[in-house]
Amino acid sequence: MGKAWTFGENMNTDEIIPGRYNITIDPLELAKNVFCEVKPEYAKTMQPGDVIVGGQNFGCGSSREHAPIAIKGSQAKCIIAPSFARIFFRNAINIGLPILECPEAVADITEGDDIDVNLSTGEIFNRTNGHQYQAQALPDFVLKIADAGGIVNFLKTHDIQDLLA
Amino acid sequence: MGTLIEEIFSRRAGKQVQASEILLLDVDYIMSHDNTTPLAIKAFRDIGKPILDKNKIVIHFDHAYPAPNVLAAENHKKIIEFVKEQELPHLLHQGVCHQVMIEEGYITPGSIVIGADSHSNTYGAMGAFGTGLGSTEIGVAWITGKCWFKVPETIRVELSGQAQAGVYAKDVMIHIAGLLGMDGGTYRSIEFSGEYINNLPMHERIIFPNMSTEIGAKCGLIAADEVTINYLENETPATGPFEALYPINPRYERVLEIDVSTLTPQVACHPDVDNVKPLTEVEGLDVHEVYIGTCTNARYEDLEIVANMLKGKKVNPLVRVIVTPASDRIYKKALKNGLIEILMDAGCTVTGSGCGACIGRHGGILAPGERALTTMNRNFIGRMGSPLSEIYLASPATAAATALTGKITDPREFLETIF
Ligand code: SF4
């Protein structure tokens, strides 16, 4: 259960966390300035378990992982968007930040809605208006990485070949 | 059989592959820089396994170098200690990573190179697969020598005709970004082709794969040909034989045909790279800074265009005109041939090579309310400093014309000095 925070289309990595703050890789430090220009109240008042609801092409721009790390550091439960920028998608999976592609949910959710997400099935429930949405399932190898909590943890106990095995 | 990316991946996989397959492939080089290496080191240490092949690792100092603050200095220190500890052979600080990768011969046709930098797509100019990844995957690749890829669908961009005087590859690419949009190439490979591309020299070709990143592409590719092989043989230490791959009976998701002969100078306006207008629509807009630099447009030939236009003239004294050569090699050639003197005499500030003002760390940060016209590839809000500043993207010739007047100016007004 968490509150929805909505963001616009083409949210780029500089808007998620401006380059000048990327001098640290500490998730909690980065989280202090996440969305500081587009939605400063997010970092101040969000609660762990809240949900980010983004627009099309979420996370476009730089390859820097500071952006998904900053969001993970803020303890958001997951990001729901109609589509993600390519590198952001990989980065989020690699660091174990759950992301769900679901255009229907994004179109229907408004800021402040109370959202329940089942990460393993992709089911999203909007407690505020009672609507239910189904996110696209993630490919098997992506789930393997997500289940391990990120690629680093996966590799501690597996060989890279196991990803596609 | 297939598109250029299918050909490149098939050769590496040792079997015929097609779009949408997921592959685990060996990579040739793993690139990272001062901004992204610290996180790769962290991932590497967390996993706790040894490096597979040190020779594949290439680390550059370019993003915030020399260090503009203590935190950047700490990053550099951390990286140098790691390089010493692991005895890594390739630590370079001689310019923007992508330019240095190409001019030092790390990129050859058909090679697969991943980089912890979104503009690693640049390597596609050599007929290689280059793509940007996050630092964690770079740390993973140091250990495994491999990376997973989904074979992308391909959009082919066919460029025909000859550009008018004053219109450059940068104008053409900005125009394409406007047509396809910021997410028009997401998850896709973009093949740039056609008679216009075939006739372009390498320094202009590089712009297309470089800015394929701006439209979300996984890679931007130009099939290697004689121009590529000549460049490799004459300008880089790379040794052949080079195998040029090209599409064979390809199936494209989409083909975009563009005749460049009617195109006029273009500008990507604040705040999005696809907010593209013909220059004539924004002509006369005041600028506070002109920045000529980056992996997109600070090669020798770019500096030559600017120097030719500024020779014997003075830039507007109210405008900060900053020139940052893409690499030391370019800087030295420009120095030897008198370009640096011309630029300085005209009132430009010439800085050491590297990313310079591109990411708002040093070397030309913008104040609130300021507007820059630059040869960069990206105009995100706040990229060069204050979130209340504006960035306009254009060709080096447009940048030079604008430097003279202090307003966005059509370079065709100076055609007699354009070569
Ligand atoms: S010059 Fe700019 S775009 Fe190119 S690698 Fe450096 S920061 Fe990135």
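First to last, the sequence lines map onto chains A and B. Throughout the first sequence, residue numbering follows the working numbering, covering 1070 to 1234 in sequence. Throughout the second sequence, residue numbering follows the working numbering, covering 91 to 509 in sequence. Backbone N, C-alpha and C define an ideal beta-carbon position, used for all residues, glycine too.
At the C-beta level, threonine 226/B and alanine 133/B come within 7 Å of one another.
Scanning chain A for C-beta atoms nearer than 8 Å to the C-beta of proline 477/B yields Pro1087 and Glu1106, reported in chain order.
Looking only at Arg102/B, Lys426/B and Glu243/B, the smallest Cα-Cα distance to glutamine 108/B is reached by Glu243/B.
When Cβ-Cβ separations below 7 Å define contact, methionine 121/B makes no contact with chain A. Straight through space, the alpha carbons of glutamine 254/B and valine 366/B are spaced by roughly 19 Å. The closest heavy atom of the ligand SF4 lies 6 Å or more from the beta carbon of threonine 127/B.
At a C-beta separation below 8 Å, alanine 1154/A has these neighbours in chain B: Asp273, Thr276 and Gly306.
Between leucine 425/B and the set Glu193/B, Lys105/B, Asn165/B and Arg389/B, the nearest pair of CA atoms involves Arg389/B.
When CB distances to chain A are screened at a threshold of 8 Å, the residues of the stretch 227-241 of chain B falling below it are Glu227, Gly229, Val230, Ile233, Thr234, Lys236 and Trp238, in chain order. With a beta-carbon spacing of about 7 Å, glutamine 1125/A and asparagine 1079/A fall inside the 8 Å limit used to define contacts.
Sequence-ordered contacts of the stretch 130-151 of chain B with chain A read Lys132, Ala133, Asp136, Ile137, Gly138 and Lys139 [C-beta pairs closer than 8 Å]. Closer than 6 Å to some heavy atom of the ligand SF4: that describes the Cβ of threonine 384/B. The stretch 495-504 of chain B makes no contact with the stretch 414-423 of chain B: fewer than 3 CB pairs, one atom from each, lie closer than 8 Å. Here lysine 174/B carries a helix assignment [DSSP, helix/strand/coil]. Classified as exposed, glycine 1218/A has fewer than 16 neighbouring CB atoms from the shown chains inside 10 Å of its CB.
Cβ neighbours of arginine 1133/A within its own chain (closer than 7 Å, five residues either side excluded): Thr1082 and Asn1091.
Residue contact check for valine 1221/A against chain B: a CB pair falls below 7 Å. Here the stretch 356-373 of chain B makes no contact with the stretch 387-407 of chain B; the two share fewer than three CB pairs at distances below 8 Å. According to the DSSP assignment, aspartate 418/B belongs to the alpha helix (DSSP H) that extends over 418-426.
Interface with chain B (7 Å Cβ-Cβ cutoff): glycine 1130/A is included.
The Cβ atoms of phenylalanine 219/B and valine 247/B do not sit closer than 7 Å to each other. Boundaries around histidine 293/B are those of the alpha helix (DSSP H), 292-295, since no beta strand (DSSP E) includes it. Contact check for asparagine 211/B and serine 302/B: beta-carbon distance about 5 Å, within the 8 Å limit, so the pair qualifies. For lysine 1225/A, the neighbours in chain B by C-beta distance under 9 Å run, in chain order, Asp136, Ile137, Gly138 and Lys139. When secondary structure is reduced to three states using DSSP, alanine 206/B falls in the coil class, being assigned neither helix nor strand.
Of all residues in the stretch 431-461 of chain B, only Ile449, Gly450 and Arg451 place a beta-carbon less than 8 Å from a beta-carbon of chain A. Shortest gap from the CB of histidine 183/B to any heavy atom of the ligand SF4: 6 Å or more.
Of the heavy atoms belonging to the ligand SF4, none sits nearer than 6 Å to the Cβ of histidine 1227/A. Threonine 326/B is a Cβ neighbour of glutamate 193/B, given a cutoff of 7 Å. Bridge pairing for cysteine 237/B: Leu115/B [DSSP].
Between leucine 161/B and chain A, the shortest Cβ-Cβ separation is below 7 Å.
For glutamate 1106/A, the closest of Pro501/B, Glu177/B and Pro477/B by C-alpha to C-alpha distance is Pro477/B. For tyrosine 321/B against leucine 94/B, the beta-carbon gap comes to about 18 Å, at or over 8 Å, which does not count as contact. The closest heavy atom of the ligand SF4 lies less than 6 Å from the beta carbon of histidine 209/B.
Among the residues of the stretch 191-217 of chain B, those with a Cβ less than 7 Å away from any Cβ of chain A are Ala206, Asp207 and Ser208, in the order of the chain.
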